[in-house]
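Chains as they are written, first to last, in the numbering used here: chain A, 673 to 935; chain B, 7 to 416.
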Amino acid sequence: MYYAGIDIGSSYTKAVIIDDDGKRLGAAVAKTGINFDEAAKTLFNEALKKAGLKKDQIAMVVSTGVGRNNCSFAQANKPEISCIAKGSYHLHGASCMVIDIGGQDNKVIKLAADGRQLFFKMNRKCAAGTGSFLEEIAMRLDTGTDKMNKLAAQAGKSVPINSFCTVFAGTEIIHQIRENQDINGIMRGIFESVVKRTLEMAPIDDTVVLSGGAVATNPVLIDLFKEKLEQEVMLLEHPQDVGALGAALYARSLQQGAPDEQK
Amino acid sequence: MPAIESTKILKQALTGYFQSFFDETVPRQKVAWCTSVGPSEILTAMGFKVYYPENHGALLGASRASEQYIPVANAAGYSPDICSYLTADIGAFKKGETPLTKAYGIPSVPKPDVLIYNTNQCREVQDWFAYYAKEFGVPSLGVFSPWKVDDLNEDQISYVAKQMQSLIPPLEKISGNKFDIDRLREVVALTKQTSDLWSEFLGLATARPSPITFFDGCIQMASAVVLRGLPVAVDYYRQLNAEIKKRVAAKTGAVPKETTRLYWDGMPMWGKLRFFSDLFERLDTCVVASTYCDSWIFADFDPADPFRSMAKAYTKIFINRSETHKEKVLIEMAGKYGVDGMIFHDAKTCPHNSNSRFGMPQRITKATGIPNLILDGDVNDLRCISEEQIITAAESFIEQLTHVPRNARA
Ligand code: SF4
Numbered sequence: 673m674y675y676a677g678i679d680i681g682s683s684y685t686k687a688v689i690i691d692d693d694g695k696r697l698g699a700a701v702a703k704t705g706i707n708f709d710e711a712a713k714t715l716f717n718e719a720l721k722k723a724g725l726k727k728d729q730i731a732m733v734v735s736t737g738v739g740r741n742n743c744s745f746a747q748a749n750k751p752e753i754s755c756i757a758k759g760s761y762h763l764h765g766a767s768c769m770v771i772d773i774g775g776q777d778n779k780v781i782k783l784a785a786d787g788r789q790l791f792f793k794m795n796r797k798c799a800a801g802t803g804s805f806l807e808e809i810a811m812r813l814d815t816g817t818d819k820m821n822k823l824a825a826q827a828g829k830s831v832p833i834n835s836f837c838t839v840f841a842g843t844e845i846i847h848q849i850r851e852n853q854d855i856n857g858i859m860r861g862i863f864e865s866v867v868k869r870t871l872e873m874a875p876i877d878d879t880v881v882l883s884g885g886a887v888a889t890n891p892v893l894i895d896l897f898k899e900k901l902e903q904e905v906m907l908l909e910h911p912q913d914v915g916a917l918g919a920a921l922y923a924r925s926l927q928q929g930a931p932d933e934q935k
Numbered sequence: 007m008p009a010i011e012s013t014k015i016l017k018q019a020l021t022g023y024f025q026s027f028f029d030e031t032v033p034r035q036k037v038a039w040c041t042s043v044g045p046s047e048i049l050t051a052m053g054f055k056v057y058y059p060e061n062h063g064a065l066l067g068a069s070r071a072s073e074q075y076i077p078v079a080n081a082a083g084y085s086p087d088i089c090s091y092l093t094a095d096i097g098a099f100k101k102g103e104t105p106l107t108k109a110y111g112i113p114s115v116p117k118p119d120v121l122i123y124n125t126n127q128c129r130e131v132q133d134w135f136a137y138y139a140k141e142f143g144v145p146s147l148g149v150f151s152p153w154k155v156d157d158l159n160e161d162q163i164s165y166v167a168k169q170m171q172s173l174i175p176p177l178e179k180i181s182g183n184k185f186d187i188d189r190l191r192e193v194v195a196l197t198k199q200t201s202d203l204w205s206e207f208l209g210l211a212t213a214r215p216s217p218i219t220f221f222d223g224c225i226q227m228a229s230a231v232v233l234r235g236l237p238v239a240v241d242y243y244r245q246l247n248a249e250i251k252k253r254v255a256a257k258t259g260a261v262p263k264e265t266t267r268l269y270w271d272g273m274p275m276w277g278k279l280r281f282f283s284d285l286f287e288r289l290d291t292c293v294v295a296s297t298y299c300d301s302w303i304f305a306d307f308d309p310a311d312p313f314r315s316m317a318k319a320y321t322k323i324f325i326n327r328s329e330t331h332k333e334k335v336l337i338e339m340a341g342k343y344g345v346d347g348m349i350f351h352d353a354k355t356c357p358h359n360s361n362s363r364f365g366m367p368q369r370i371t372k373a374t375g376i377p378n379l380i381l382d383g384d385v386n387d388l389r390c391i392s393e394e395q396i397i398t399a400a401e402s403f404i405e406q407l408t409h410v411p412r413n414a415r416a
């Protein structure tokens, strides 16, 4: 049997299709836009195509993400933190701290050796430290995040940003540019602020695995997490899809009637 | 969720109370404004009609009128970072409007002859009342309580009791009435009765399933706050408790399929009561108890020693206790109500009643194994509340609780 997970996120929608062994057969991702259900349908079809499957071969669809209630063809939905936890454990298979940096929010999730979610923290209601912060800054600087990554990677050291607030951080950056500070360092400082905001959320006391759209597209973040934590961090496979994968895994266990997931 | 029938009577009682401020068929009684945990018994005993601006604040929040009024106060120099009861209340006053008109048919807030505050809850009340003292040209008198007390000592009790006694001469002058200690004993006895019945009501939530939720408590507490010291409050809670006891006997849960029980620490988010009660009901979760509703239990009240017992009870309120004491109370409450998890509301504009800021949730979870969830929000300022974030966090929390051995069931 085959299962699908659809993660309708604030910025992007992701679809993943798996088989009974949890093997990923097809996936698709695109901007969410304003019609959640439409986006979900399109990506579901695209993922099906990649997997070489037909709709009626899918035993169950589970949705997650902010738009989880807007997915007309999902038989169930699950909170995104639970899906990220499930997807991460499936990929990592050991106790860990998951750091997920998405478009609108960041999560730190602690998983036990058997995959149980022990606790989670979400960022406070502010864009600072999230994917949308990076996009906002890129827009203000009239550049792209890929260019920002390139410059930041060449920096010797970061020019730090202190502000908690996205708007103030933007002003700080403009000020640094005006002062002719090293541009590469400024770029690195922008990414470093994302890492700092995240590490303020909860103590990190286990192996770190990274997921989420922002880490998928901003490789500098991985280096910076390593540097700040002074430990190895692992990037999960297809980091942007981890939530969708988790939803597909929920679909599998719900279909198979796992008792703890019958809610 | 089945509606509580007695609420209709509560509404009548509150309507009667508010309309009586404007009753022209009887000679006008002097009006005192009082903080919600201020010494209102003294005022009632001296013949004042007592009005509580915080109750007005809560009504502004619950009716969501606060959204219109907070910005008015902000623009006038009252920061968006200070108490949103205060900003909503002052904003409404500046606009000359009040939700009391719609709710209880009165034209405006009743005009005060004196304002009485107690700093046991926070410093905000002093400056809040100072605004009105100036507006109405009336005195604002305060009781300054020792802050963040651990175990209360004799000196502290005397310090507060003396201040309460020293209110008498100015109040005699303002009211034109002579103070009568026996009348005060009567009022203290009535508050004590109200408080005992209120405590009984809240305690009914120990039943499984719980017949009431925290959100019911937020509505039902109006009588314990506003009508305390009056016979009508006693009558009301007798009736209410009889109704809820029937639910307990019939095993009727406030949340029909109660599978998870939570504790709520901190203030309610007034404009979101319905949102929260729907959300938790959908998640088969009952928020069974709270520190907030418990704050109007004044076990120490004693008609035999009115001033000292009032001093004790009002200084010992939860919000005014040390972190160590609060922690002890929360752990006891979690055990008493058999909760599976604890929610800490971090209210942006009420630091005094936000107990997640000095590591308490983490310490309690470590000591008890009961997981916690901190929700960012606010008392009245909807600009500080993100429903979507709350839904994601609450759903994930409930899901997480299915992964840990339940406290009460383990
Ligand atoms: S305790 Fe909090 S909500 Fe109440 S008056 Fe003080 S600051 Fe405002």
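All C-beta atoms in this analysis are idealised placements derived from N, C-alpha and C, irrespective of residue type, glycine included.
Owing to the predicted nature of the structure, the values given are computational and were not obtained by experimental measurement.
Measuring CB to CB, does A:Gly677 end up less than 9 Å from A:Gly929? Contact: no.
For the beta strand (DSSP E) containing B:His5, name the first residue and the last one. For residue 5 of chain B there is no data in the structure shown, the boundaries of chain B being 7 and 416.
Any C-beta of chain A within less than 7 Å: which residues of the stretch 369-403 of chain B qualify? Listed by position along the chain: Pro377, Asp382, Ser392, Glu394, Gln395, Thr398, Ala399, Glu401, Ser402.
Hey, quick one: how far does the alpha helix (DSSP H) through B:Gln368 stretch, first residue to last? Note, B:Gln368: alpha helix (DSSP H), 366-374.
Looking at the structure shown, is B:Ile48 part of a helix, part of a strand, or coil, going by DSSP? Helix.
Skipping 5 residues on each side, what residues in its chain have a beta carbon closer than 6 Å to that of B:Lys154? Only residues of its own chain outside the window of five on either side were considered, and among them Ser328 have a CB closer than 6 Å to the CB of B:Lys154, listed in chain order.
Report the residue from A:Asp692, A:Pro911, A:Ile680, A:Gly759 whose alpha carbon sits nearest the alpha carbon of A:Leu715. Minimum Cα distance to A:Leu715 is reached at A:Ile680.
Mind listing, in chain order, the continuous alpha helix (DSSP H) runs of no fewer than 4 residues lying wholly within the stretch 200-286 of chain B? Counting whole runs of 4 or more residues, the stretch 200-286 of chain B contains the alpha helix (DSSP H) stretches 220-226, 228-232, 237-256.
Would a C-beta distance cut-off of 9 Å place B:Leu268 and B:Phe286 closer than the cut-off? Yes, they are a contact pair.
Counting Cβ pairs, one atom from each stretch, are 3 or more of them under 8 Å apart for the stretch 836-844 of chain A and the stretch 747-766 of chain A? Because the criterion of three Cβ pairs below 8 Å is not met, the stretch 836-844 of chain A and the stretch 747-766 of chain A do not touch.
What does the alpha-carbon distance come out to for the pair B:Thr355 and B:Pro274? Our two residues, B:Thr355 and B:Pro274, have alpha carbons roughly 12 Å apart in a direct line.
If we ignore side chains and look at the alpha-carbon of each, how far apart do B:Gly272 and B:Tyr23 end up? If you take the alpha carbons of B:Gly272 and B:Tyr23, they lie about 28 Å apart.
Check the C-beta distance from B:Val240 over to B:Ser315 and give it rounded, since I have them as a contact under 8 Å. Approximately 18 Å separates the beta-carbon atoms of B:Val240 and B:Ser315; this is outside 8 Å, ruling out the contact.
Could you name the residues that DSSP lists as bridge partners for A:Lys829? The partner list for A:Lys829 (beta bridge, DSSP) is empty, contrary to what the question assumes.
For a minimum of 4 consecutive residues, which ranges assigned as the alpha helix (DSSP H) are wholly contained in the stretch 875-927 of chain A? Whole alpha helix (DSSP H) segments, 4+ residues: 885-889, 892-901, 914-927.
Pick helix, strand or coil for B:Tyr58, following the three-state DSSP scheme. It is coil, neither helix nor strand.
Does the ligand SF4 have a heavy atom nearer than 8 Å to the CB of B:Thr297? Result no, Cβ not under 8 Å from the ligand SF4.
If you draw a straight line from the alpha carbon of B:Val261 to that of A:Gln729, how long is it in whole angstroms? So the alpha carbons of these two residues sit roughly 38 Å apart.
Have a look at A:Val905, A:Ser735, A:Gly759 and flag the residue whose alpha-carbon is nearest the alpha-carbon of A:Asn749. Minimum Cα-Cα distance from A:Asn749 among the listed residues A:Val905, A:Ser735, A:Gly759 corresponds to A:Ser735.
Tell me B:Ser146's beta-bridge partners as DSSP assigns them. Paired residues: B:Leu121.
Can you tell me where the beta strand (DSSP E) with A:Tyr675 in it begins and where it stops? Per DSSP, A:Tyr675 belongs to the beta strand (DSSP E) from 674-680.
Can you name the start and end residues of the beta strand (DSSP E) that B:Asp382 belongs to? Counted as a single uninterrupted DSSP element, the beta strand (DSSP E) harbouring B:Asp382 occupies residues 378-383.
Using a threshold of 9 Å, state whether the C-beta atoms of A:Ala874 and A:Met769 are closer than that. With contacts defined by Cβ atoms closer than 9 Å, A:Ala874 and A:Met769 form a contacting pair.
Residues of the stretch 730-749 of chain A whose Cβ lies closer than 7 Å to any Cβ of chain B, in chain order: Of all residues in the stretch 730-749 of chain A, only Val738 place a beta-carbon less than 7 Å from a beta-carbon of chain B.
So with CB distances below 7 Å, who are the chain B contacts of A:Ser754? Those within 7 Å of A:Ser754 in chain B are Ser402, Glu405.
How long is the line joining the alpha carbons of B:Phe28 and B:Lys36, rounded to whole angstroms? Going from the Cα of B:Phe28 to the Cα of B:Lys36 covers about 11 Å.
Sort out for me which residues DSSP pairs A:Lys782 with in a bridge. Residue pairing for A:Lys782: DSSP places it in a beta bridge opposite A:Met769, A:Phe791.
If we cut at 9 Å on Cβ distances, does B:Ala414 have a partner in chain A? With a pLDDT of only 43 at B:Ala414, under 50, the local geometry of the prediction cannot be trusted, and no value is derived from it.
Throw me the rounded Cβ distance for the B:Ile112 and B:Leu106 pair, which I believe falls under 8 Å. Right, their Cβ atoms sit about 5 Å apart.
Sort B:Gln226, B:Leu147, B:Glu160 by Cα distance to B:Trp302 and report the nearest one. Nearest C-alpha to B:Trp302: B:Gln226.
Ordered list of alpha helix (DSSP H) runs contained in the stretch 289-367 of chain B, each at least 4 residues: Whole alpha helix (DSSP H) segments, 4+ residues: 297-300, 312-321, 329-342.
Which residues, in chain order, does the stretch 780-797 of chain A contribute to contact with chain B at a C-beta distance below 7 Å? Within the stretch 780-797 of chain A, the residues whose Cβ lies closer than 7 Å to some Cβ of chain B are Arg788, Gln789, Phe791, Phe792, Met794, Arg796, Lys797, listed in chain order.
So what does DSSP say about A:Asp692, is it helix, strand or coil? Three-state result, A:Asp692: coil.
Could you give the uninterrupted runs of the beta strand (DSSP E) lying entirely in the stretch 682-750 of chain A, keeping only those of 3 residues or more? For the beta strand (DSSP E) assignment, the uninterrupted runs of no fewer than 3 residues enclosed by the stretch 682-750 of chain A are, from N- to C-terminal side, 684-691, 696-703, 730-736.
Report yes or no: do three or more beta-carbon pairs, one from the stretch 208-215 of chain B and one from the stretch 169-185 of chain B, lie closer than 8 Å? Not touching, per the Cβ criterion.
Please work out which residues of its chain come closer than 8 Å, Cβ to Cβ, to B:Ile88, disregarding the five sequence neighbours upstream and downstream, and give them in chain order. Counting only Cβ-Cβ distances below 8 Å, and skipping sequence neighbours, we find Glu130, Thr355.
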